[in-house]
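Taken in order, the sequence shown gives residues 1 to 253; the numbers are from the working numbering. Quick reminder that beta carbons are idealized off the backbone N, C-alpha and C, glycines included. Written out below as structure tokens is the structure these notes cover.
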Amino acid sequence: MSSKILFDSGQHKNILLEDFGHGEAVQANQHMIIHGDESIILDPGGHKVFAKALSEAKKQLSGVPITYLFFSHQDPDIVAAANGWLMTTRATAYAPEVWTRFIPHFGIDKFVINQLKGIPDEGMRINVGGSELIFLPAHYLHSCGNFHVYDPASKILYSGDLGASLGMDYYKVSDFDAHLQYMEGFHRRYMTSNLAMKAWAKMVRSLDIEMIAPQHGAYFEGKAMVNRFIDWCDQLQCGLDINGDVYKVPDSV
Ligand code: FE
């Protein structure tokens with residue numbers, strides 16, 4: 001596991017923990033925000049990365065406790081190791097309210113269960129060490145209960161599965177058109193519909209964004225690249241727009 005500083009103002013730090021050795025499991029990024037004497041880990045990942053991510057996070061934190069965890073949605077690459085994170089950090093964990101009764105099935109001990117808090121459908125703001133973070137509604141992209149995190153201090157939008165790319169060997173998008181091949185198939189199949197994409201695009205255009213950092217693959221840096229990605233989402237036909245005819249009983253064997 002390696003780490004990369006995405007933003008550092010001295011008091012406020014955004015760090016990407018990246019795991020390259022993933023075997024059959026999908027590559028995943030873990031993001032960390034440290035402000036003052038508190039910190040948050042976003043989409044901390046499943047069992048395969050837990051030990052490595054925890055030790056790399058501790059190295060970067062140099063004594064600052066992990067005070068918050070954020071789970072954008074219910075998928076195993078995000079919440080499978082929730083119990084380990086809750087037990088070792090004693091952090092308060094936020095997850096979409098619609099998923100808080102399902103996540104305990106990943107095996108959350110009863111004495112840490114009250115550390116898990118629901119994010120209401122409309123989103124919310126939290127304070128990490130004196131710096132505000134916004135949990136933005138991003139439902140149906142792809143999960144029906146899903147949130148992104150906007151950090152006004154660094155102007156980074158953490159977009160979870162939206163913007164995810166698979167199979168390339170760089171961590172920053174430098175050529176948007178050449179990058180499309182690594183994310184188009186995933187978005188067409190995993191995202192629900194252009195209705196959701198358009199509503200999301202409209203919401204995020206109201207924010208001052210310098211970087212969009214997904215949970216898988218490369219990030220988009222700079223206003224021009226950020227806008228290209230938002231424009232692409234705005235017009236993308238995906239999910240039910242193009243797969244609506246799959247509702248057919250399969251043929252016999
Ligand atoms: Fe997912």
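| Check | Outcome |
| --- | --- |
| Nearest to Met168 by alpha carbon, out of Tyr219, Phe102 and Met191? | Tyr219 |
| Ends of the alpha helix (DSSP H) at Ala51? | His47 to Leu61 |
| Using a threshold of 8 Å, state whether the C-beta atoms of Asn127 and Asp109 are closer than that. | no |
| Provide the residue span of the alpha helix (DSSP H) that contains Leu180, from first to last. | Phe176 to Tyr190 |
| Whose CA, out of Pro214, Ile242 and Leu236, lies closest to the CA of Leu17? | Pro214 |
| For Glu97, name the three-state secondary structure that DSSP assigns. | helix |
| Helix or strand or just coil, what does DSSP make of Met32? | strand |
| Between which residues of its own chain and Ile134 is the CB-CB distance below 6 Å, once the five residues before and five after are set aside? | Arg125 and Tyr150 |
| Whole angstroms are fine: how far does the CA of Ile15 sit from the CA of Lys4? | 6 Å |
| CB-CB under 6 Å to Ser263, same chain, minus the five flanking residues each way: which ones, in chain order? | No answer is possible for residue 263: it lies beyond the span of the chain, which begins at 1 and ends at 253. |
| Within 7 Å: the Cβ of Asp177 and any heavy atom of the ligand FE? | no |
| At which residues does the alpha helix (DSSP H) containing Val226 begin and terminate? | Lys223 to Gln235 |
| For the alpha helix (DSSP H) containing Ile78, list its first residue and its last residue. | Pro76 to Val79 |
| For Phe102, which residues does DSSP report across the bridge? | Answer is none; Phe102 lacks a bridge partner. |
| Compute the minimum distance between the beta carbon of Ser165 and the heavy atoms of the ligand COA, and state whether it is under 7 Å. | Ligands displayed in this structure: the ligand FE; the ligand COA is not among them. |
| Quick check: the stretch 225-241 against the stretch 28-47, are at least 3 beta-carbon pairs closer than 8 Å? | no |
| Would you kindly report the start and end of the unbroken beta strand (DSSP E) that includes Gly160? | Ile156 to Gly160 |
| Is it the case that the CB of Ser62 approaches a heavy atom of the ligand FE more closely than 7 Å? | no |
| Within a Cβ cutoff of 6 Å, which residues of the same chain sit near Tyr171, ignoring the five residues on either side of it in sequence? | Ala218 |
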